[in-house]
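The opening residue of the sequence shown carries number 3 in my numbering; numbering runs sequentially from there. In this text, a Cβ means the ideal position worked out from N, Cα and C, and glycines have one as well.
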Amino acid sequence: MTGAGENWLSDGIDDSGADFGLWVPGVDYLAAWRVARESADRLNRAFLGAGFELSEVRAVASTNEDGRGVVRVTGWPDALERLAWLLESHPGDGVA
3 MTGAGENWLS DGIDDSGADF GLWVPGVDYL AAWRVARESA DRLNRAFLGA
53 GFELSEVRAV ASTNEDGRGV VRVTGWPDAL ERLAWLLESH PGDGVA
């Protein structure tokens, strides 16, 4: 998934926005990122279980400018269309 030594971020999906890399002194970004990484790893396992390859869609842990953990889903448009179809076809009970 997102472990050290894996080439998970260099296969053509660019997830860095315009504000990527801006840090505010005194904000504990690392703790929030660790929590986000756990969630991203769980979501990536779910993607794999649903038949997706992490080279086409994946969850990426990050933090925002306030130091809160953020998980972004990034991927190729066709894979995200398949993901949207999968989610829409299994609406659940309406509870998030």
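Is it the case that the stretch 29-36 contacts the stretch 58-75, given that we only count it when at least three CB pairs across the two stretches are under 8 Å? yes
Same chain only: Cβ atoms within 8 Å of residue 38, ignoring 5 sequence neighbours per side: Closer than 8 Å at Cβ, skipping near neighbours: 63, 64, 65, 71, 72 and 73.
Have a look at residue 61 and residue 94 and give me their C-alpha separation to the nearest angstrom. 21 Å
Status (buried if at least 16 other CB within 10 Å, exposed otherwise) for residue 51: The residue in question, residue 51, is exposed, as its Cβ has fewer than 16 Cβ neighbours within 10 Å.
Pull up the CB-CB distance for residue 59 and residue 88, whole angstroms please, since I reckon it's below 8 Å. Not quite, the Cβ-Cβ distance comes to about 11 Å (not below 8 Å), so this is no contact.
Is residue 71 helix, strand or coil by DSSP? strand
Assign residue 42 to buried or exposed, taking buried as 16 or more other Cβ atoms, counted over all protein chains shown, within 10 Å of its Cβ. buried
Residue environment, residue 33, which counts as buried when at least 16 other CB atoms sit within 10 Å: exposed
What are the start and end residues of the beta strand (DSSP E) that includes residue 62? 59-65
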